[in-house]
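Report on one structure; see the data block that follows.
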Amino acid sequence: DLVKLTIGLPTYNCENIIGNKIEELLKQSFKDYVLIISDNNSTDNTGKICESMSKKDNRIVFFQQDKNKGPFWNFNFLLQKAQTNYFVMTTPDDILSKNFLESNINILEKCKELVGSIGECSLFNRIIDSNSHKSEINILNNSRKYQYVHPVKGELKEKIRFYLDFQMGSQFYSIFRTKDIKFANFYRNKANYGMWQSDFAAILKILKRGNLHVDLESFFYKEVSTKSHSVIKYMKIFNFSISEILFSKAIFSVWFFKEFGTKLFLKNFGVLLGSNFSWGGTIFGEVLRMCKRMIYRQEKYW
Numbered sequence: 001d002l003v004k005l006t007i008g009l010p011t012y013n014c015e016n017i018i019g020n021k022i023e024e025l026l027k028q029s030f031k032d033y034v035l036i037i038s039d040n041n042s043t044d045n046t047g048k049i050c051e052s053m054s055k056k057d058n059r060i061v062f063f064q065q066d067k068n069k070g071p072f073w074n075f076n077f078l079l080q081k082a083q084t085n086y087f088v089m090t091t092p093d094d095i096l097s098k099n100f101l102e103s104n105i106n107i108l109e110k111c112k113e114l115v116g117s118i119g120e121c122s123l124f125n126r127i128i129d130s131n132s133h134k135s136e137i138n139i140l141n142n143s144r145k146y147q148y149v150h151p152v153k154g155e156l157k158e159k160i161r162f163y164l165d166f167q168m169g170s171q172f173y174s175i176f177r178t179k180d181i182k183f184a185n186f187y188r189n190k191a192n193y194g195m196w197q198s199d200f201a202a203i204l205k206i207l208k209r210g211n212l213h214v215d216l217e218s219f220f221y222k223e224v225s226t227k228s229h230s231v232i233k234y235m236k237i238f239n240f241s242i243s244e245i246l247f248s249k250a251i252f253s254v255w256f257f258k259e260f261g262t263k264l265f266l267k268n269f270g271v272l273l274g275s276n277f278s279w280g281g282t283i284f285g286e287v288l289r290m291c292k293r294m295i296y297r298q299e300k301y302w
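Printed below as a string of structure tokens:
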């Protein structure tokens, strides 16, 4: 019989946590899946750990890439390998409740109007002791229900407007119907279409196919760093050009116009315009911070 679910796990230099991540997935209450791991030519022992664990469980399929082709390429690689009805992307530093797969698969099986389902989401910090190298998980309490993921249903125009205002990308880690996430896949041709938050754009596109659900009986924890990071530095790591960094939201707005047409574009023009101004403020603020660091001879962000 065909396996129901493909779990895609991209890895790169995560030897301290990858073993625990694989064990977490193997201990899920839902067992009818294949776990496909693609290591992006790690320079530590990540690949060796994955290969070793793949030999102990025939549900694990491991691919070692001969060079680092970037996270966008790696996601596309994993998704294209999926031949099952359902697909979920997870990362080495995410934490899933033991019933995450089972609970969300059951919901998708019962509700055909849904294209994706995810557990309630919270953020956490991983605090590593410098002496023992042991890590401690510090869960950050949400200030409200559905803070990072949210049910989305209704007519397309209502769903699009809601999610443009919501502006969260964590729902990208839902369990999706494979045919629908392949339809919304942003990494098939060009690495990212020159767009920041292409995961967010993929969620908007998949809403053409149906609704999104949040399962309050399961949970999904997303790691965030305790240190502040530069958006510009992060985008440069992902090989965004200077123009793509400066005009990221303009590129997104053009994509939105082409994808959803004139009517929805004009209906949401104010939201799109506001996001462009907000992005400009973010970039300007980062440039000012960099200038300050240069004046005081501090470490540069980029």
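In this text, residue positions in the sequence shown follow UniProt numbering: the first is 1, and each later residue adds one. Beta carbons are placed, not taken as given, at the ideal position from N, Cα and C, and that holds for glycine.
Given a cut-off of 7 angstroms, decide if Pro92 and Lys4 are closer than it, judged by their beta-carbon atoms. For the purposes of this step, residue 4 is taken as the residue at position 4 of the sequence shown. For the purposes of this step, residue 92 is taken as the residue at position 92 of the sequence shown. Result no, Cβ atoms of Lys4 and Pro92 do not sit closer than 7 angstroms.
Provide the residue(s) that pair with Glu136 in DSSP beta bridges, ordered along the chain. By one-based count along the sequence shown, residue 136 stands at place 136. Answer by DSSP bridge pairing, in chain order: Ile127.
Does Arg177 come out as helix, strand or coil in the three-state DSSP assignment? Start at 1 with the first residue of the sequence shown, and residue 177 comes out as number 177. Reduced to three states, the DSSP call for Arg177 is strand.
Classify Thr11 as helix, strand or coil using the three-state DSSP reduction. The residue given as residue 11 occupies position 11 in the sequence shown. In the structure shown, Thr11 sits in a strand (DSSP, three-state: E or B).
Same chain, Cβ closer than 8 angstroms to Lys233, five either side skipped, listed in chain order: For the purposes of this step, residue 233 is taken as residue 233 along the sequence shown, with counting starting at 1. Same-chain partners within the cutoff: Tyr301, Trp302.
Roughly how many whole angstroms lie between the Cα atoms of His150 and Phe252? Here the question's residue 150 lines up with position 150 in the sequence shown. Here the question's residue 252 lines up with position 252 in the sequence shown. Looking at the two C-alpha atoms, the distance is approximately 22 angstroms.
According to DSSP, is Glu102 helix, strand or coil? Along the sequence shown, read from residue 1 onward, the residue named residue 102 stands at position 102. Three-state DSSP puts Glu102 in a helix.
Evaluate contact between the region 102-119 and the region 162-181, counting only Cβ atoms and requiring at least three cross-stretch pairs below 8 angstroms. yes
Under a three-way DSSP split, which group does Glu94 fall into? For the purposes of this step, residue 94 is identified with residue 94 of the sequence shown, where counting begins at 1. The question names Glu, but residue 94 is Asp in the sequence shown. Asp94: coil per DSSP, three-state reduction.
Span separating the alpha-carbon of residue 333 from that of Arg59: Residue 333 is absent from the model: the chain starts at 1 and stops at 302.
Which of the three DSSP states, helix, strand or coil, is assigned to Leu246? Locating residue 246 in the sequence shown gives position 246, where the first residue counts as 1. DSSP places Leu246 in helix when its eight states are reduced to three.
Which word fits Tyr296, buried or exposed, when buried means at least 16 other C-beta atoms lie within 10 angstroms of its C-beta? Numbered from 1 along the sequence shown, position 296 holds the residue referred to as residue 296. Flag for Tyr296 reads exposed.
For residue 356 and Leu35, I'd like the C-alpha separation in whole angstroms. Any answer about residue 356 is impossible in this case: the structure gives the chain only from 1 up to 302.
Our contact map puts Thr43 next to Thr11 with C-beta atoms below 8 angstroms; I'd like the distance itself, whole angstroms only. Sequence index remark: in the sequence shown, residue 43 carries index 43 (1-based). Sequence index remark: in the sequence shown, residue 11 carries index 11 (1-based). Their Cβ separation, rounded to whole angstroms, is 12 angstroms, which puts Thr43 and Thr11 out of contact at 8 angstroms.
Please tell me whether, using a cut-off of 6 angstroms, the distance from the CB of Gln80 to the nearest non-hydrogen atom of the ligand SAH is below it. In the structure on display, the ligand SAH does not appear, and there are no ligands present to speak of.
Quick check on the burial criterion: 16 or more other C-beta atoms within 10 angstroms. Buried or exposed for Cys50? Position 50 of the sequence shown, counted from the start, is the residue given in the question as residue 50. The residue is buried, with at least 16 neighbouring Cβ atoms inside 10 Å.
Whether Gly19 touches Leu78 by CB criterion (7 angstroms): Against the sequence shown, residue 19 aligns to sequence position 19. Against the sequence shown, residue 78 aligns to sequence position 78. Taking 7 angstroms as the Cβ cut-off, Gly19 and Leu78 do not qualify as a contacting pair.
When Glu109, Ser38, Phe166 are compared against Cys14, the one with the closest alpha-carbon: The sequence position of residue 14 within the sequence shown is 14, counting from 1. When only C-alpha atoms are compared, the closest one is Ser38.
Based on the DSSP output, what are the partners of Lys222 in its beta bridges? Walking along the sequence shown from the start, residue 222 turns up at place 222. Answer is Leu123, bridged to Lys222.
Quick check on the DSSP output: the alpha helix (DSSP H) that includes Ser278 runs from which residue to which? Here residue 278 refers to the residue found at position 278 of the sequence shown. 269-295 is the span of the alpha helix (DSSP H), which, as asked, contains Ser278.
Just to confirm the assignment, what range does the alpha helix (DSSP H) spanning Ile18 have? Position 18 of the sequence shown, counted from the first residue, corresponds to residue 18. Where Ile18 is concerned, the enclosing alpha helix (DSSP H) stretches over 18-26.
Proximity below 7 angstroms, CB of Ser103 to CB of Glu24: Within the sequence shown, numbered from 1, the residue matching residue 103 stands at position 103. Within the sequence shown, numbered from 1, the residue matching residue 24 stands at position 24. Not closer than 7 angstroms, so no.
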